[in-house]
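Residues are numbered in my numbering as their position in the sequence shown, beginning at 1, plus a constant of 15.
In what follows, a structure is listed as structure tokens, so that the remarks can point back to it.
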Amino acid sequence: MRRMIRKRVAILISGRGSNMTALIEAAKAEDYPAEIVLVLSNRPDAAGLARARQAGVVTEVVDHTAFGSDREAFEHALDRVLQTHRVDIVCLAGFMRVLTPAFVTRWNGRMLNIHPSLLPQFKGLNTHRRALEAGVKRHGATVHLVTPELDSGPILAQDWVPVLDGDTEDTLAERVLEVEHRIYPEALRRVAEGRAPIASPDSKQAAN
Ligand code: GRF
16 MRRMIRKRVA ILISGRGSNM TALIEAAKAE DYPAEIVLVL SNRPDAAGLA RARQAGVVTE
76 VVDHTAFGSD REAFEHALDR VLQTHRVDIV CLAGFMRVLT PAFVTRWNGR MLNIHPSLLP
136 QFKGLNTHRR ALEAGVKRHG ATVHLVTPEL DSGPILAQDW VPVLDGDTED TLAERVLEVE
196 HRIYPEALRR VAEGRAPIAS PDSKQAAN
């Protein structure tokens, strides 16, 4: 069998890291075209750091509070760590810092994000609450390439779940999270393989 050269991936987190875990699990497959070489958090107390270490993944912390309001200095520190680990692709997974256009441009086409809504609906925060308030019948998640405008880059994968009578933010979030954990590894696979078809926002992906 021809030896596959895997893309080196860093996952950036700020919190519990369930999407991170889904990516780490997916990357265990022999035929997966990416390896997770680093989990990087901007918060020293992110629960995902312990989960990553348990899974045997190298972790680093670049604490944004150490840089005050100097976003550039924070991002230079991020870049240095990413370079040290020779990272090819960055996956944002619940990373709660807005990145500057300069940083985003440096990673153009090589930085992915997962967002808990059917973009372009509900960009920004509190998506599940806003979906319930808006009375939508379908809600979901989107993986997209990161561009300077928030939650607006080309869509790589998207899928939806029904919003059910009696749903709360928590029950809806839980149902959407299952979608997230499925579509993020799929989207990373396509980017790592150099084939990243842009999904139509309305398409329900085949379940295979
Ligand atoms: C997910 O809902 C993701 O879509 C959003 O932040 C949440 C992170 O959850 N960007 P986790 O840390 O991956 O569990």
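Think of the CB as a built atom: it goes at the ideal place given N, C-alpha and C, for glycine as much as any other residue.
All figures in this text were calculated on a predicted structure; none of them were measured in a lab.
Per DSSP, what kind of secondary structure is residue i in: helix, strand or coil?
i    : result
T183 : coil
Q220 : The predicted model places Q220 with a pLDDT of 41, which falls under 50 and marks its position as unreliable; any figure quoted below should be read in that light. Q220: coil per DSSP, three-state reduction.
R23  : strand
N128 : strand
R153 : strand
A49  : strand
Q98  : helix
P116 : helix
P177 : strand
T74  : strand
A42  : coil
L165 : coil
So which of the options has the shortest CA-CA distance to residue i?
i    : options              : result
V52  : D46, T186, A42       : A42
H100 : P135, L133, G83, E50 : E50
G181 : K152, V158, V119     : K152
L114 : L38, R18, E164, I170 : E164
V194 : A37, L179, M19, D85  : A37
V176 : L93, L192, V119      : L192
Is residue i near residue j, with beta carbons less than 7 Å apart?
i    : j    : result
E201 : A172 : yes
V77  : R23  : no
H143 : E189 : no
I39  : A61  : no
I198 : D174 : yes
My understanding is that residue i touches residue j, with C-beta atoms under 8 Å, so please give their C-beta distance in whole angstroms.
i    : j    : result
S132 : G155 : 7 Å
L55  : E87  : That pair is no contact at about 17 Å.
A211 : P48  : A211 to P48, Cβ: 12 Å. No contact.
L97  : A25  : 6 Å
Is the stretch 98-111 in contact with the stretch 23-33, if contact means three or more CB pairs nearer than 8 Å?
yes
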